[in-house]
Amino acid sequence: NAGVTQTPKFQVLKTGQSMTLQCAQDMNHNSMYWYRQDPGMGLRLIYYSASEGTTDKGEVPNGYNVSRLNKREFSLRLESAAPSQTSVYFCASSEALEGARVYYEQYFGPGTRLTVT
Amino acid sequence: KNQVEQSPQSLIILEGKNCTLQCNYTVSPFSNLRWYKQDTGRGPVSLTIMTFSENTKSNGRYTATLDADTKQSSLHITASQLSDSASYICVVTGGYNKLIFGAGTRLAVHP
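Taken in sequence, the protein lines are chains A and B.
With our numbering applied, the first sequence closes on residue 124, and no number is skipped along the way.
With our numbering applied, the second sequence closes on residue 105, and no number is skipped along the way.
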């Protein structure tokens, strides 16, 4: 039971290059998330997927696209990388989305450290 | 504006000592508050989750408190160990699926 896995662990891109960050979970969770973590700031939500077949923008979606390939996998794509996208990217999953009176634990992957030069 | 502020930014303590980390929030509406531990190079791991009706919750040597009136929470670590060295992140959920993360407190436990 690996939980949430992410690939790659590290990546260096040149400005303008594209890449896809992969995420998979084996907990049969419905909801999945992509966050970025920058120094001195809290994690910020990029995109999320409430369930298979649906995706929605989070707080900072510009410059990114996502695909919920199936229930297990949720990928994040940078079409044309910019230095401002240098960050650590975390994928997370939960049983379902939070509601007004119901919460679900979010489980995080180990992160991908991306540097754009 | 919904915000979660944590203090101190960083803290150094000696092994075996206790410490308390603070979290103030201005998130509304309030649904729940959680504390995460993030080891260097790893993803955050949940320590506790508290709803508005709970004012204290423990997880081993970690005890979180919540004062919903003053919008403050604290995380108390008892008898610290070297393995407690990590960042501790306060997260407040406000409204539907809206998690607001604090920037974290970086704790270093020295022998």
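Where a beta carbon is used, it is the ideal one built from N, C-alpha and C, also for glycine.
Go through its chain and collect everything with a Cβ distance to T14 of chain B's Cβ below 6 Å, but skip five positions before and after it.
Walking along the second sequence from the start, residue 14 of chain B turns up at place 20. The residues are S68, H70.
So is F81 of chain A in contact with chain B if we call contact Cβ pairs under 7 Å?
Here residue 81 of chain A corresponds to residue number 74 of the first sequence, with the count starting at 1. Answer no: the Cβ-Cβ gap between F81 of chain A and chain B never drops below 7 Å.
As assigned by DSSP and simplified to three states, the class of D78 of chain B
Residue numbering aside, residue 78 of chain B sits at position 84 when the second sequence is read from its first letter. D78 of chain B: helix per DSSP, three-state reduction.
Where does T87 of chain B land, buried or exposed, given buried means 16+ other C-beta within 10 angstroms?
As a position in the second sequence, residue 87 of chain B is number 93, starting the count at 1. It is buried - the Cβ of T87 of chain B has at least 16 other Cβ atoms within 10 Å.
Coil, strand or helix - S91 of chain A by DSSP:
Translated into positions along the first sequence, residue 91 of chain A becomes position 84. S91 of chain A falls in the helix class under three-state DSSP.
Environment of D78 of chain B [buried if 16+ CB atoms lie within 10 Å]
Against the second sequence, residue 78 of chain B aligns to sequence position 84. So D78 of chain B ends up on the buried side.
Is the distance from the Cβ of T12 of chain A to the Cβ of A31 of chain A below 7 Å?
Working through the first sequence from its first residue, we reach residue 12 of chain A at position 5. Working through the first sequence from its first residue, we reach residue 31 of chain A at position 24. Yes, the pair counts as a contact, with Cβ atoms nearer than the cut-off.
Do I83 of chain B and N(-4) of chain B have their CB atoms nearer than 7 Å?
In the second sequence, the residue the question calls residue 83 of chain B occupies position 89. In the second sequence, the residue the question calls residue -4 of chain B occupies position 2. No, the pair does not count as a contact, with Cβ atoms beyond the cut-off.
Checking 7 Å against the spacing of the C-beta atoms, do F115 of chain A and G37 of chain B come in under that value?
Locating residue 115 of chain A in the first sequence gives position 108, where the first residue counts as 1. Locating residue 37 of chain B in the second sequence gives position 43, where the first residue counts as 1. Against a cut-off of 7 Å, the Cβ pair of G37 of chain B and F115 of chain A comes out as a contact.
By the 10 Å Cβ neighbour count, where 16 or more other Cβ atoms means buried, how is E86 of chain A classified, buried or exposed?
In the first sequence, counting from the first residue as 1, residue 86 of chain A sits at position 79. Exposed: under 16 other Cβ atoms inside 10 Å.
Neighbour flag for S81 of chain B against chain D, beta carbons, 7 Å:
Of the chains in the structure shown, none is chain D; the protein chains are A and B.
Could you check the C-alpha separation between S74 of chain A and Q32 of chain B for me, to the nearest Å?
Stepping through the first sequence from its first residue, residue 74 of chain A is reached at position 67. Stepping through the second sequence from its first residue, residue 32 of chain B is reached at position 38. When rounded, the distance between both Cα atoms is 27 Å.
To the nearest angstrom, report how far apart T50 of chain B and N72 of chain A are at their CA atoms.
The residue you call residue 50 of chain B lines up with position 56 of the second sequence. The residue you call residue 72 of chain A lines up with position 65 of the first sequence. Between T50 of chain B and N72 of chain A, the C-alpha separation is close to 40 Å.
Should the stretch 106 to 113 of chain A be regarded as contacting the stretch 87 to 94 of chain A, the criterion being three or more beta carbon pairs within less than 8 Å?
no
The beta strand (DSSP E) enclosing S74 of chain A, as first and last residue numbers
Here residue 74 of chain A is taken as the residue at index 67 of the first sequence, counted from 1. 71 to 75 is the span of the beta strand (DSSP E), which, as asked, contains S74 of chain A.
Below-7 Å beta-carbon distance, P117 of chain A vs any chain B residue
Taking the first sequence and counting its residues from 1, one reaches residue 117 of chain A at position 110. Interface residue, yes.
7 Å Cβ cutoff, A102 of chain B in contact with chain A:
Counted from its first residue, the second sequence places residue 102 of chain B at position 108. No, A102 of chain B lies away from the interface with chain A (no Cβ there is under 7 Å from its Cβ).
Can you look up R43 of chain A in the DSSP assignment and give me helix, strand or coil?
Position 36 of the first sequence, counting from 1, holds the residue named residue 43 of chain A. Strand, per DSSP.
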